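For reference, the structure discussed in these notes is given below.
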Amino acid sequence: MVYAGPSRGCHNCRQRRIKVFHAPHFYALDQTNTAQCDQKVPACGQCTKKKKTCPGYRSEADIIFRVENDHAASLVAGRKSRRRSSPPPQAHSSAQPSPGPVIQDSAELAKSTGTSVISYEKLEQPPNFRTLLPTVGERASCFFIANYILQSSDISYGFMEYLPPLVGYQSGGMLSTVIECLGLAAISNLAGSQAQATIAARRRYGEALAMVNRALQTPHMITEDQTLLSVMLLGVYEVFLTCQFPRHVS
Numbered sequence: 058m059v060y061a062g063p064s065r066g067c068h069n070c071r072q073r074r075i076k077v078f079h080a081p082h083f084y085a086l087d088q089t090n091t092a093q094c095d096q097k098v099p100a101c102g103q104c105t106k107k108k109k110t111c112p113g114y115r116s117e118a119d120i121i122f123r124v125e126n127d128h129a130a131s132l133v134a135g136r137k138s139r140r141r142s143s144p145p146p147q148a149h150s151s152a153q154p155s156p157g158p159v160i161q162d163s164a165e166l167a168k169s170t171g172t173s174v175i176s177y178e179k180l181e182q183p184p185n186f187r188t189l190l191p192t193v194g195e196r197a198s199c200f201f202i203a204n205y206i207l208q209s210s211d212i213s214y215g216f217m218e219y220l221p222p223l224v225g226y227q228s229g230g231m232l233s234t235v236i237e238c239l240g241l242a243a244i245s246n247l248a249g250s251q252a253q254a255t256i257a258a259r260r261r262y263g264e265a266l267a268m269v270n271r272a273l274q275t276p277h278m279i280t281e282d283q284t285l286l287s288v289m290l291l292g293v294y295e296v297f298l299t300c301q302f303p304r305h306v307s
């Protein structure tokens with residue numbers, strides 16, 4: 058038979074190993090076999106038939122959870138007894154190998170090995186390498202991507218999140234030049250950095266316009282994604298210029 062879990066019968070029926078009658082599954086009850094605990098209250102049918110006092114039923118918590126304190130205590134006691142009966146580990150030999158002769162310098166090493174040794178002090182030190190810093194254009198591109206490109210999430214749509222992979226793929230091309238132009242224009246709107254950034258942004262803007270003009274004159278470049286994005290982003294540059302216009306007039 059399939060194990061149906063702990064018995065929910067009374068204590069007397071569990072000692073006698075009498076099956077429990079589950080009321081929802083009334084069809085499982087064998088009408089010819091009356092030796093089943095019907096779980097009636099205050100006394101089950103078996104105890105009433107045998108004229109015995111029904112001790113009652115276990116709570117649902119006692120059926121689901123098992124108390125393993127005694128079993129855990131016996132395991133700990135068994136481990137302690139095995140540790141006591143196990144022989145002690147053998148002591149390691151305290152004898153240490155005698156150290157060999159210590160060679161003080163390269164001259165003694167050459168005498169002992171019969172080979173020529175180059176002194177460490179005579180070795181040429183490697184040159185000091187300077188850290189490669191990002192260019193102004195790379196900083197401007199990173200500034201624009203970090204502040205104006207939004208990634209989509211569960212609560213909002215993204216904005217030009219497809220642009221960074223295309224910029225990395227077209228590094229040094231028309232699209233990356235437009236991104237540098239936008240980054241420099243955005244930096245020029247910040248306080249204290251208008252003069253140099255504005256001049257660099259206008260220079261990059263001229264280069265980007267020339268690249269876009271050549272792309273529009275090339276038949277296979279007209280339908281490219283970078284051409285369409287470059288034209289669209291140059292319109293964003295004009296929006297950045299409108300932010301500077303009142304400041305220029307004043």
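Quick note, the working numbering runs 57 ahead of the 1-based positions in the sequence shown.
Quick reminder that beta carbons are idealized off the backbone N, C-alpha and C, glycines included.
Keep in mind it's a predicted model, so treat the numbers as computed, not measured.
Selection from the options that minimises the alpha carbon distance to residue i
i    : options               : result
G102 : L285, L239, C70       : C70
N246 : M231, L232, A197      : A197
S210 : E218, A203, A254      : E218
F265 : K107, S287, T255      : Checking the sequence shown, residue 265 turns out to be Ala, not Phe. When only C-alpha atoms are compared, the closest one is S287.
L232 : D282, V193, E117      : D282
A257 : G194, C104, I75, K76  : G194
K107 : A92, D127, I120       : A92
Y205 : R65, L290, P63        : L290
R115 : V98, S131, E125, D127 : V98
P63  : S131, I120, E125      : I120
R259 : S131, K76, E295, R139 : E295
Sheet register partners of residue i (DSSP bridge)
i    : result
F54  : Residue 54 cannot be examined here, being either before or after the span of the chain that is shown, 58 to 307.
Q93  : K76
Y114 : C67
Secondary structure of residue i, DSSP reduced to three states
i    : result
E125 : coil
A243 : helix
L189 : coil
C199 : helix
K109 : coil
V293 : helix
Q103 : helix
E237 : helix
V224 : helix
G230 : coil
Q274 : coil
E264 : helix
V98  : coil
T255 : helix
T280 : coil
R140 : helix
Own chain residues within Cβ distance below 8 angstroms of residue i, not counting five before or after
i    : result
I279 : A272, L273
A134 : none
L298 : A242
V224 : S198, I202, L232, S233, I236
E117 : none
T110 : A100, C104
P221 : I202, I206
F200 : G240, A243, I244
Proximal residues to residue i (C-beta, below 7 angstroms), its chain only, five neighbours per side dropped
i    : result
G113 : C67
Q208 : G215, E218
T234 : R261, E264, A265, M268
V293 : L239
Q253 : none
Neighbourhood of residue i by C-beta, 6 angstroms cutoff - its chain only, sequence neighbours within 5 removed
i    : result
T284 : A272, M278
I175 : Since pLDDT at I175 reaches only 49, below the 50 mark, its modelled position is unreliable, and the value read off the structure follows with that caveat. There are no such residues.
T331 : This structure gives no information on residue 331, because the portion of the chain shown stretches from 58 to 307.
S142 : none
Residue i Cβ short of 7 angstroms to the ligand GTP heavy atom set
i    : result
D119 : Annotation note on the ligand GTP: not contained in the displayed structure, which lists no ligands.
Min CB distance residue i to chain C below 8 angstroms
i    : result
S287 : Absent here is chain C; the protein component of the structure consists of one chain.
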